[in-house]
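To start, the structure itself, in structure tokens.
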Amino acid sequence: MNGSDGTGRRISAQVVCTAIRDDIVGGFYPPGSRLTEELLAQRYGVSRVPVREALRTLESEGFVRTRRHAGASVAEPTEQEAADLLELRGLLEPLGTARAAQRRTEAHLKVLRGLVRLGQERAVQGQLSDLPSLSGWFHETLAQASGSPTLAALLTQLRYKITWVYGDSAPNRAVESWDEHAAIVDAVARGDAERARRLAAVHAERATAVRTLKHPVNAARRRA
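The sequence shown begins at 6 in this note's numbering and counts up by one.
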């Protein structure tokens with residue numbers, strides 16, 4: 006992962022950033038846990054330089070907090086911050102889906118339809134363990150189809166944070182959820198931006214209704 010020149014260090018930092026983020030989202034590093042450069046470097050087999058760069062990126066994304074004299078630790082979202090994630094999804098996802106209806110390519114549609122087919126099959130068969138990754142891929146592709154790299158990046162980061170903070174307490178909604186995905190893809194394929202927006206808004210609202218917090222959150226937090 007290491008690189009001796011500037012380009013190598015940037016690549017390494019991106020890889021390390023992804024690895025740390027995945028470990029945070031997956032719960033390996035719970036909220037509030039310390040993140041020391043030395044131990045992180047050992048875990049990922051890199052020097053402390055890309056680790057330091059990765060921590061700065063993760064701090065800017067809201068996954069890590071750094072305090073003077075205390076170092077870096079996994080962020081502890083407040084109750085309001087957790088609620089804001091779902092509200093932002095309800096605003097941005099319909100916007101991205103409406104734009105996808107106007108800007109999607111045939112390549113996007115091919116991937117989206119393939120994911121819907123797989124998701125519906127897995128949901129009907131009760132193979133629920135495959136669904137989170139398929140759903141993530143679906144929403145990432147839909148975001149990319151918006152034709153806006155900035156919006157797609159925001160939606161991807163938002164999805165990571167929601168997965169980090171929230172669990173899904175209603176696995177029985179899997180079939181319904183993938184039917185909603187299918188309807189969204191149909192509207193996107195038809196170029197019906199307004200219908201795509203409405204369907205995405207309803208989908209986000211129903212998903213929000215069954216979300217439960219993975220970890221206790223602070224009702225308030227004193228700003229450092």
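Glycine residues also receive a C-beta, built at the ideal position from the N, C-alpha and C atoms.
*What are the uninterrupted segments assigned as beta strand (DSSP E) that are 3 or more residues long and contained completely in the stretch 151 to 186, given in chain order?*
Entirely contained in the stretch 151 to 186, the beta strand (DSSP E) runs reaching 3 residues are, in chain order, 171 to 173.
(Q) Once the 5 residues before and after Leu-204 are set aside, which same chain residues still bring their CB inside 8 Å of it? (A) For Leu-204, where only same-chain residues beyond five positions count, the Cβ hits under 8 Å are Thr-102, Glu-185, Ala-188, Ile-189 and Ala-192.
According to DSSP, is Val-215 part of a helix, a strand, or is it coil? It is coil, neither helix nor strand.
Taking just the CA atoms, how far does Thr-71 sit from Ala-87? If you draw a straight line from the Cα of Ala-87 to the Cα of Thr-71, it comes to about 19 Å.
* **Ordered list of alpha helix (DSSP H) runs contained in the stretch 93 to 138, each at least 4 residues** => Unbroken alpha helix (DSSP H) runs of no fewer than 4 residues, entirely contained in the stretch 93 to 138, are found at 111 to 130, following chain order.
Nearest to Gly-141 by CA position, among Thr-168, Gly-119 and Gly-152, is which residue? Closest by alpha carbon: Thr-168.
Hey, Gly-37 and Val-79 are a contact pair by Cβ (cut 8 Å); roughly how many whole angstroms apart? Approximately 6 Å separates the beta-carbon atoms of Gly-37 and Val-79; this is inside 8 Å, confirming the contact.
For the alpha helix (DSSP H) containing Ser-65, list its first residue and its last residue. Element bounds for Ser-65: 53 to 66.
Return helix, strand or coil for Thr-41, following the three-state DSSP convention. Residue state, collapsed to three classes: coil.
Could you give the distance in angstroms between the alpha-carbon of Leu-136 and the alpha-carbon of Thr-161? Computed Cα separation, rounded: 17 Å.
Checklist line | Bounding residues of the beta strand (DSSP E) (the contiguous stretch that carries Gly-50) | finding: In the DSSP annotation of this structure, Gly-50 is not part of any beta strand (DSSP E), being labelled neither H nor E.
**Prompt:** Do you know how far the Cα of Asp-89 is from the Cα of Val-207?
**Reply:** Take the alpha-carbon of Val-207 and the one of Asp-89: they are about 17 Å apart.
Closest by C-alpha distance to Leu-139, when choosing among Arg-127, Ala-148 and Ala-150
With respect to the C-alpha of Leu-139, the residue from Arg-127, Ala-148 and Ala-150 having the closest C-alpha is Arg-127.
Check your understanding: beta strand (DSSP E) containing Gly-76: first to last residue?
Key -> Gly-76 -> beta strand (DSSP E) spans 76 to 79.
Is Gly-70 helix, strand or coil by DSSP?
Per the sequence shown, residue 70 should be read as Arg rather than Gly. If DSSP states are grouped into helix, strand and coil, Arg-70 belongs with the strands.
Pick from Gln-85, Arg-53, Arg-109 and Leu-93 that is closest to Asp-2, judged by C-alpha positions: This structure gives no information on residue 2, because the portion of the chain shown stretches from 6 to 229.
Next item on the list: Compute the Euclidean distance between the alpha carbons of Ala-106 and Cys-22, then round it to the nearest angstrom.
Entry: C-alpha of Ala-106 to C-alpha of Cys-22: approximately 32 Å in a straight line.
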